[in-house]
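Engineer:
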Amino acid sequence: MAEPLEEFRGETRAWLEANCPPEMRERVLEEADVCWGGRNVRFKNDAQRLWLERMAARGWTVPEWPKEYGGGGLSAEEAKVLAEEMRRIHARPPLSSFGIWMLGPALLKYGNEAQKKEHIPKIVRGEIRWCQGYSEPGAGSDLASLKTKAEDKGDHWLVNGSKIWTSYADQADWIFCLVRTEPDASKHEGISFLLFDMASEGVSTSPIKLISGYSPFCQTFFDNVKVPKENLVGTRGKGWSIAKYLLTHERSSIGADFGSGGRDTAAQIAKKRVGTRADGALADEGLRVDLARHDIDTLCFALTMERVKDEAKAGQDIGHLSSMLKHVGSELNKSRQELLMSVFGSDGLLWDGEGAHDGDMAKAWLRSRANSIEGGTAEVQLGIIAKRVLALPDA
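At position 110 of the sequence shown the residue is numbered 110 (the UniProt record's numbering), and the sequence of numbers has no breaks.
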């Protein structure tokens, strides 16, 4: 008789083979290949829609979340099997979502029952697209200095202020937002965690165009926005604890994204571009050494990610390790883009309308410069690692 886990693997493999469309087993080549969900979602094709619907129906967009809120209810071991079987057939994630990566874990820990029932099933099904209202023009790395305020007006909060670097705010349906509700408290106190609809009167966004020509970021403005009282998560004035908890998930997801597989390695691309010797080795010896070093670092990072995931699934608090994952993952992606520019040489500088190809190397290289800024600067992450992970003494 098969062991329960192997029986689950067999059933999962059969289900994925029968239900994952062929198009969803191909490499992600452009933004339209990624499904973000939301009220105004535009599926690239029927295959993308079907894949989301089928996975969401089983709760497998978030396999370990509780079934009572629409999640898959899988154990850590079962979720790992599912991930392995998806990788085996090169299946794309059915849904990309700040709700999954950041808000959902915070709601499961700090939200009340009504909030969980209202918001989590919609995150699972990809019905609502969320954005994050954290950084402000005067409060980036020093986030606790934020000034966006929410005044208690009896039956609602009145929000005024602005946020910056709000990813996809112009496409989001709702926002999870840090606001100051106690202006006289110390900066880490008096911060509250609010949820509200981006269609609310008084909310506006302005996209920020980057040097790469790509614009996922916005500045977001709040002008007398009324927010229902029941949209406060946790205790009034104690939102900083929620903010810190959510940041550990954000930083882990950033690191995992930059260091993940699902795409050709820099070495594989180089072989196609530069060519190989008769023995199959890359023709450029110097480049071969740099690529080998990068591939080894990437594999080490992937193993570290697996270890940290297993620790988290076992109930251990990964806490400040998320800063390590974020920093190393960011540096790996920057290194990858530098190597690819070396591989393509002057052809890598081609821009729109100039025969640009292979994912627009110049744009990807320029965009990677921001990896060590977004989600907490490299300097901040290194400080956290020194103090909280390595327990080094102050200078």
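The beta-carbon is built from N, C-alpha and C at its ideal position, and this holds for glycine as well.
1. Could you tell me if Gly99 is buried or exposed, where buried requires 16 or more neighbouring beta carbons within 10 angstroms of its beta carbon?
2. Using the DSSP secondary-structure output, state which residues sit across from Gly161 in a beta bridge.
3. Comparing C-alpha positions only, which one of Arg236, Pro393 and Lys271 sits nearest to Trp157?
4. Are Leu195 and Asn224 closer than 7 Å when you measure CB to CB?
5. Can you give the Cα-Cα distance for Asp155 and Cys20, rounded to whole angstroms?
6. Consult DSSP for Lys149 and reduce its assignment to one of helix, strand or coil.
7. Buried or exposed for residue 425, please, with buried defined as at least 16 other CB atoms from any protein chain shown within 10 angstroms of its CB.
8. For a quick check, are the C-beta atoms of Ile164 and Ser135 less than 7 Å apart?
9. Where in the region 16-73 do unbroken runs of the alpha helix (DSSP H), each at least 4 residues long, occur, reported from the N-terminal end onward?
10. Quick check: the region 55-69 against the region 87-99, are there 3 or more CB pairs under 8 Å?
11. Could you compute how far the alpha carbon of Lys244 sits from the alpha carbon of Arg49?
12. Where DSSP assigns a beta bridge to Leu195, which residues make up the other side?
13. Do Gly38 and Asp173 have their beta-carbon atoms positioned less than 7 Å apart in this structure?
14. Count the other CB atoms, across all protein chains shown, that sit within 10 Å of the CB of Gln268; report buried if there are 16 or more and exposed otherwise.
15. Going by beta carbon distance, what residues of the same chain come within less than 8 Å of Val389, once the five residues before and after it are set aside?
16. What are the boundary residues of the alpha helix (DSSP H) that Gly138 is part of?
Structural biologist: This is what the structure holds:
1. In the sequence shown, the residue the question calls residue 99 occupies position 99. It is buried - the Cβ of Gly99 has at least 16 other Cβ atoms within 10 Å.
2. Locating residue 161 in the sequence shown gives position 161, counting from the first residue. BP columns for Gly161 point to Phe222.
3. In the sequence shown, residue 157 corresponds to position 157, counting from 1. Out of Arg236, Pro393 and Lys271, Arg236 has the C-alpha closest to the C-alpha of Trp157.
4. In the sequence shown, counting from the first residue as 1, residue 195 sits at position 195. In the sequence shown, counting from the first residue as 1, residue 224 sits at position 224. Contact: no.
5. For this step, residue 155 is matched to residue 155 along the sequence shown. For this step, residue 20 is matched to residue 20 along the sequence shown. So the two alpha carbons sit approximately 47 Å from each other.
6. To locate residue 149, count along the sequence shown from 1; it is residue 149. DSSP places Lys149 in strand when its eight states are reduced to three.
7. Past the edges of the chain, shown from 1 to 395, lies residue 425, and the structure says nothing about it.
8. The residue you call residue 164 lines up with position 164 of the sequence shown. The residue you call residue 135 lines up with position 135 of the sequence shown. Yes; because the gap between Cβ atoms is below 7 Å, this pair is in contact.
9. 46-57
10. yes
11. For the purposes of this step, residue 244 is taken as the residue at position 244 of the sequence shown. For the purposes of this step, residue 49 is taken as the residue at position 49 of the sequence shown. If I take the Cα positions, the gap works out to 34 Å.
12. Walking along the sequence shown from the start, residue 195 turns up at place 195. DSSP lists Phe176 as partners of Leu195.
13. Indexing the sequence shown from 1 puts residue 173 at position 173. Indexing the sequence shown from 1 puts residue 38 at position 38. For Asp173 and Gly38, yes; Cβs fall inside 7 Å.
14. Here residue 268 corresponds to residue number 268 of the sequence shown, with the count starting at 1. Result: exposed.
15. Indexing the sequence shown from 1 puts residue 389 at position 389. So the list reads His320, Leu321, Ser323 and Met324, once near-sequence residues are dropped.
16. Within the sequence shown, the letter at position 138 stands for residue 138. Taken as a continuous stretch (DSSP letters only), Gly138 belongs to no alpha helix (DSSP H), as it is neither H nor E.
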